[in-house]
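Chains as they are written, first to last, in full-length UniProt numbering: chain A, 1 to 212; chain B, 1 to 721. Written out below as structure tokens is the structure these notes cover.
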Amino acid sequence: MSTEPPESAESPPEASPSAPSRRTFIATTAVGGAVAVGGLTSGPSVFGAEPAGAVEAPPGSRVSVTVNGVRHTVTVDNRTSLLDLLRERLGLTGSKKGCNAGACGACTVLVDGRRVNSCLTLTVRLDGADVTTIEGLADGDQLHPLQQAFIDQDAFQCGYCTSGQIMSGVGCVQEGHTGSPEEIREFMSGNICRCGCYVKIVRAVEQAAHGK
Amino acid sequence: MSRVDGRLKVTGQAKYAADHDIDGVVHAVVVDSSVARGRITGIDTRAADALHGVLGVISHLDRPSLAYRDNPGPFPGRRLRVFQDDAVRFMGQPVAVVVATTLETAQHAADLVKVSYAAETPSTDLTRSPAVDGPAPFARPYTRGDAQEALGSADVRMDMTYRLSRNHHNPMETQATIARWDGGRLTVWDKTQHVLGTRNELAAVFGIPQENVRVLSPFVGGAFGNALRTWPHVTIAALAARELGRPVKLALTRRQMYFTVGYRPAYEYKLSLGSTRRGRLTAMTHEMKYETSRYEQFWEANQALGQMLYAVPNVSQHVQTVPLDVSTPMWMRGPGYGSAAFVIETAMDELAHELGIDPIELRLRNEPGEDPSTQQPFSTRRLRECFRVGARAFGWHRRDPRPRSTRDGDWLIGTGVATGCYDVFLGQAEAHARLDADGTAVVQSATHDTGTGTYTSMTQVAADALGLPMRQVTFRLGDSAMPPAPPQGASQTMATVGSAVQDTCDKLRQQAITLAVEDERSPLHGVDADDVVAGGGRLHVKGAPARGETYRRLLARNHRTHLEARGSWAPEENSRFSMYGYAAMFAEVAVDARLGLVRVRRMLGVYDAGRIISPKLAESQAVGGMVGGIGAALLEHTVTDHRDGRIVNANLADYLVPVNADIPDLKAVYLDGEDYKADPIGVKSLGELVQIGVAPALANAVFHATGRRVRNLPITAEALL
């Protein structure tokens, strides 16, 4: 049934940072079979034995996208957002799903150097694009200055919005919107932090931008 | 001292519930009811089943077998049961679940499930439905003195009605569960503030022994109370995994976060007070009612402040709930206290204005010498000092008390104060510590870190007790297989788990000391154990650091791979003390004179929270509490369309929470000190306390700016036009 076709054979081995077992498993599941029946602890499953009505796979597209310097050529369901590609296909779960509607910023990544909400970005639009996620920001063990600034300033608590805040902050610094705390606040307002770390997020962006 | 888990969080490596990579996992999406009351008359899954990749749809029509053994929950009533009948009790109730090989397919298939209903008209309006007395024993009528008589004879009597909107916790991480069965054993990776609570509930629901369930929750992306219960989606994930024989991942959508995972209930709260002309309170009566579901009676700690905050001789309280066609609320940061504080502390400001007394002075005139509800001495109560320190730092003396007296262009400027207070809630906890031959230690307890800094603060306590550098200590949490710990709620973690960690590490250190003083080859041989201390990874004689040896040498010479200890802590059963944390909150706002727009200009909180273990992290919590309070005061409002019970703004674009541009520089000051009457490590409560006085301080500042008293939260522009 192969709703998620395996990655292209031409993608280099290092292009598969996540464990391939899940995709392999799905790809080899029998077409149209009612997969795995049988309750484990309470008798018969609620599912009958009759096979589900097998139909065509959803429309997919072949896309070549570079993520954190690694080129991936994948066939994706046309509905797949960049966020779901990262999280569910590439094993890059640092980008978070907070609203899946572009309202919270937890999924912020850089696409061709610009910050975007990856939940609102369809993968099929990204052929040839260069994506940077939180996992690709540090230089080996050397944290990006904004990552270090977030630690120094304690600019997070639960950490769930942090990936998006940092990627957005990198964009904010690159755009030059760090002239004043007010300007940083304005240009960091697409990223919600429910723990309420805004004061410290502003300080962290200032630290990274101006070495404060 | 920075967070020990900081590097994981800034590199995207911290694993939250939905981030765990579980082999062969498939995706579940919940189908929600689109009516708020009635019966399901049919579920047509044909279109969904026909989709390529759909593995199954489960609903009550499948009669899934679930034991639902009794397992006392937090609220009287009968807990919601997953897919066990055709009744719809609230809008958004889970009525089916779709499982598919991909998330995209599961989402699409969930849209294709056609559910038909025999719908009835729901009641969802707090003000138009009958109230019943709050659930005993949690809510009970309270009287001291004769409040009605005292109100009647008071120099000044004021009667006010306040209304608070429903708020949703809205942590950034939506609730998520991955469930996997291995034979009769269930493992769940879950977002929870109580791994043992989730374990026990899943065992009860599935009718299996508790030891057959393991719950893992190493990182929690905020919760603020909404992960204190095991909600239906956790059961649904485990049920789907059982029926399919595959691991299942289920993450609620943001919209679904408004349906089944609790909220701070809306209140209608009538307060009457009597006072002398000189500002001595003589009476207060509290008549409150709040929303709950029809299947459970919610309660929260909304009575304590009215009983203990001020020296009022005559008090009465009556608590009612209004059962509605809604889901059950859940404790939200500063539960009960926060709602009551808004009412009491706004009323105090109203009285101060009426009498022409400074609002800080009015509060000080009513400071009790002992707890007026129990006649117990306070363990510590430094509220006066909070106000004194805060007034100086905030520049309170420069304030012109007249409302609408200060203007800055189009902006009316006002300042306000309020008291915050939250009890020192203490539980029981155990911990395990192991010191390895390489001189590193691993300490663990089944507690949680929702962003509060548990990893860091427990590492500090353990390192301190063991005399090890922090980098040589690892603290682990969030696993139901670890020694038991209470829920991460009611600000009890630092005091309770911290004291257990200290006890455990004290025992471990004592073991090492005993080993050393009894070892003829140790430089500590023969020294009185009480004269040996630990520091820098060494044991040495107190006052003579040169005489001693490292843990590594001690263990190596004795051929020990490790030492280990298990410890615990529980509070005294009947403390003689009344134990609370206190805060003085100061706020300055600007209100656009024509548009009614409210902007916060600055805030200051001064806290009496006992000993502060991690000052940097405590400051973050305090500032975060202010941001939460700003949301409750000015923005947050769950809007229900009472015609059909639909939540109109069930998303983060329409349910407004503070964003960066809403937040000016906020300052937090913790009074130096400790409270060893509360617990062995001297801490009081912190996480709730820091949000509790925020909304009334802002409301009082809005009054001072505009002369308009708004008794409803949130205070939106339209209320000020």
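From the three backbone atoms N, C-alpha and C, an ideal C-beta is built for every residue, glycine too. Everything numeric in this text was worked out from a predicted model, so none of it was measured.
In whole angstroms, give me the CA-to-CA distance for residue 722 of chain B and residue 442 of chain B.
No answer is possible for residue 722 of chain B: it lies beyond the span of chain B, which begins at 1 and ends at 721.
Which residues in chain A have a C-beta closer than 9 Å to the C-beta of residue 254 of chain B? List them in chain order.
Here residue 254 of chain B is taken as the residue at index 254 of the second sequence, counted from 1. Within chain A, the residues near residue 254 of chain B are 97, 98, 99, 100, 101, 103, 104.
Which residues in the same chain as residue 50 of chain A place their Cβ atom closer than 6 Å to its Cβ, once the five residues preceding and following it in sequence are excluded?
As a first step, residue 50 of chain A must be located in the first sequence, where it is residue number 50. Caution is warranted here: a pLDDT of 43 is assigned to residue 50 of chain A, below 50, making its placement in the model unreliable, and the coordinate value is therefore given only provisionally. The answer is none, since no qualifying residue turns up.
Please compile the residues from chain A whose C-beta is within a distance smaller than 8 Å of the C-beta of residue 574 of chain B.
For this step, residue 574 of chain B is matched to residue 574 along the second sequence. Those do not exist, as residue 574 of chain B stays about 35 Å from chain A at its closest Cβ, beyond 8 Å.
DSSP three-state label for residue 124 of chain B, please.
Residue 124 of chain B sits at position 124 when you count from the first residue of the second sequence. Residue state, collapsed to three classes: coil.
Give me, in chain order, the residues of the same chain whose beta-carbon lies closer than 7 Å to that of residue 83 of chain A; leave out the 5 immediate sequence neighbours on both sides.
For the purposes of this step, residue 83 of chain A is taken as residue 83 along the first sequence, with counting starting at 1. For residue 83 of chain A, where only same-chain residues beyond five positions count, the Cβ hits under 7 Å are 95, 97, 107, 118, 119.
In DSSP terms, what residue 94 of chain B is bridged to
As a working mapping, residue 94 of chain B is identified with position 94 in the second sequence. Partner(s): B/32.
With 7 Å as the threshold, decide whether the Cβ of residue 213 of chain A is near any Cβ in chain B.
Here chain A covers residues 1 to 212 and nothing more, so residue 213 of chain A does not appear.
Contact set between residue 291 of chain B and chain A, taken where Cβ atoms lie within less than 8 Å
Working through the second sequence from its first residue, we reach residue 291 of chain B at position 291. Chain A residues near residue 291 of chain B: none, gap ~23 Å exceeds 8 Å.
How about residue 666 of chain B: is its C-beta nearer than 7 Å to some C-beta of chain A?
Counting from one through the second sequence, the residue named residue 666 of chain B turns up at place 666. By this cut-off, residue 666 of chain B is an interface position.
Under the three-state reduction of DSSP, which class applies to residue 236 of chain B: helix, strand or coil?
Counting from one through the second sequence, the residue named residue 236 of chain B turns up at place 236. Note: residue 236 of chain B maps to helix in three-state DSSP.
Would a C-beta distance cut-off of 7 Å place residue 345 of chain B and residue 418 of chain B closer than the cut-off?
Locating residue 345 of chain B in the second sequence gives position 345, counting from the first residue. Locating residue 418 of chain B in the second sequence gives position 418, counting from the first residue. Between residue 345 of chain B and residue 418 of chain B, the CB-CB gap stays under 7 Å.
I'd like to know whether the C-beta of residue 195 of chain A is nearer than 7 Å to at least one C-beta of chain B.
Indexing the first sequence from 1 puts residue 195 of chain A at position 195. Chain B, which has a Cβ nearer than 7 Å to the Cβ of residue 195 of chain A, makes this yes.
CB of residue 452 of chain B within 7 Å of CB of residue 687 of chain B, strictly:
Here the question's residue 452 of chain B lines up with position 452 in the second sequence. Here the question's residue 687 of chain B lines up with position 687 in the second sequence. In contact: residue 452 of chain B and residue 687 of chain B (Cβ atoms closer than 7 Å).
If contact is defined by three or more beta carbon pairs under 8 Å, each pair taking one atom from either stretch, is the segment 498-506 of chain B in contact with the segment 561-578 of chain B?
yes
Quick test of your reading: residue 284 of chain B and residue 424 of chain B, contact by CB under 8 Å. State the CB separation rounded to the nearest angstrom.
Indexing the second sequence from 1 puts residue 284 of chain B at position 284. Indexing the second sequence from 1 puts residue 424 of chain B at position 424. Actually they are not in contact, since the Cβ atoms of residue 284 of chain B and residue 424 of chain B sit about 24 Å apart, beyond 8 Å.
Chain-ordered chain A contacts of residue 644 of chain B [CB-CB under 8 Å]:
Taking the first residue of the second sequence as 1, we reach residue 644 of chain B at position 644. Those within 8 Å of residue 644 of chain B in chain A number zero; the least Cβ separation is about 22 Å.
Can you grab the Cα-Cα spacing for the pair residue 243 of chain B / residue 82 of chain B, in whole Å?
The sequence position of residue 243 of chain B within the second sequence is 243, counting from 1. The sequence position of residue 82 of chain B within the second sequence is 82, counting from 1. Going from the Cα of residue 243 of chain B to the Cα of residue 82 of chain B covers about 14 Å.
Considering just the uninterrupted stretch of the alpha helix (DSSP H) at residue 741 of chain B, what are its terminal residues?
Limits of chain B in this structure are 1 at one end and 721 at the other, which puts residue 741 of chain B out of reach.
Three-state secondary structure assigned by DSSP to residue 563 of chain B
For the purposes of this step, residue 563 of chain B is taken as residue 563 along the second sequence, with counting starting at 1. Secondary structure at residue 563 of chain B: strand, using DSSP grouped into helix, strand and coil.
Coarse secondary structure for residue 44 of chain A, derived from DSSP in three states
Here the question's residue 44 of chain A lines up with position 44 in the first sequence. Any reading at residue 44 of chain A needs caution, since the residue's pLDDT is 46, under 50, leaving its predicted position unreliable; the model's value is listed next. In the structure shown, residue 44 of chain A sits in coil (DSSP, three-state: anything other than H, G, I, E or B).
Local conformation of residue 323 of chain B per DSSP, three classes
Here residue 323 of chain B is taken as the residue at index 323 of the second sequence, counted from 1. Correct three-state label for residue 323 of chain B: strand.
Can you tell me whether residue 542 of chain B is buried or exposed? The criterion is at least 16 other CB atoms within 10 Å of its CB, across all chains shown.
In the second sequence, residue 542 of chain B corresponds to position 542, counting from 1. Exposed is the call here.
Have a look at residue 715 of chain B and residue 408 of chain B and give me their C-alpha separation to the nearest angstrom.
Here residue 715 of chain B corresponds to residue number 715 of the second sequence, with the count starting at 1. Here residue 408 of chain B corresponds to residue number 408 of the second sequence, with the count starting at 1. Straight-line Cα distance between these residues: approximately 21 Å.
Can you find the residues in the same chain that come closer than 7 Å, C-beta to C-beta, to residue 132 of chain A, ignoring five residues on each side of it along the sequence?
Taking the first residue of the first sequence as position 1, residue 132 of chain A is located at position 132. Here the set comprises 68, 109, 110.
What does a CB cutoff of less than 8 Å around residue 22 of chain B pick up in its chain, not counting 5 residues either side in sequence?
As a first step, residue 22 of chain B is located in the second sequence; it is residue number 22 there, counting from the start. The residues are 178, 180, 189, 247, 249.
Kindly indicate which residue of B/601, B/586, B/512, B/337 has the alpha-carbon position closest to the one of residue 563 of chain B.
As a working mapping, residue 563 of chain B is identified with position 563 in the second sequence. Checking every option, the nearest Cα to that of residue 563 of chain B belongs to B/512.
Outcome for residue 551 of chain B when other beta-carbon atoms lying within 10 angstroms are tallied against a minimum of 16:
Residue numbering aside, residue 551 of chain B sits at position 551 when the second sequence is read from its first letter. Burial call: buried.
Helix, strand or coil for residue 676 of chain B? Go by DSSP, reduced to three states.
As a working note, residue 676 of chain B is residue 676 in the second sequence. DSSP places residue 676 of chain B in coil when its eight states are reduced to three.
Please determine if the segment 399-413 of chain B and the segment 590-600 of chain B are in contact, where contact requires at least 3 C-beta pairs separated by less than 8 Å.
yes
Take the Cβ of residue 607 of chain B as the centre, count every other Cβ of all protein chains shown within 10 Å, and call the residue buried at 16 or more, exposed below.
Within the second sequence, the letter at position 607 stands for residue 607 of chain B. So residue 607 of chain B ends up on the buried side.
Suppose the cutoff is 6 Å on Cβ atoms and the five residues either side in sequence are ignored; what does the same chain contact list for residue 207 of chain A look like?
On the first sequence, residue 207 of chain A is found 207 positions in, with the first residue counted as 1. Same-chain partners within the cutoff: 149.
Indicate whether at least one CB of chain B lies closer than 7 Å to the CB of residue 77 of chain A.
For this step, residue 77 of chain A is matched to residue 77 along the first sequence. Chain B contact via Cβ: present.
Can you give me the C-alpha to C-alpha distance between residue 388 of chain B and residue 272 of chain B, rounded to a whole angstrom?
Position 388 of the second sequence, counted from the first residue, corresponds to residue 388 of chain B. Position 272 of the second sequence, counted from the first residue, corresponds to residue 272 of chain B. In a straight line, the C-alpha of residue 388 of chain B is about 28 Å away from that of residue 272 of chain B.
Check each residue of the segment 207-235 of chain B: if its Cβ is closer than 7 Å to any Cβ of chain A, include it; give the result in chain order.
208, 219, 220, 221, 222
Beta-carbon contacts of residue 426 of chain B that lie in its chain and below 7 Å, excluding the five residues immediately before and after:
Translated into positions along the second sequence, residue 426 of chain B becomes position 426. Apart from sequence neighbours up to five positions away, the residues of its chain that approach residue 426 of chain B with a beta-carbon distance below 7 Å are 492, 495, 496, 571, 679, ordered along the chain.
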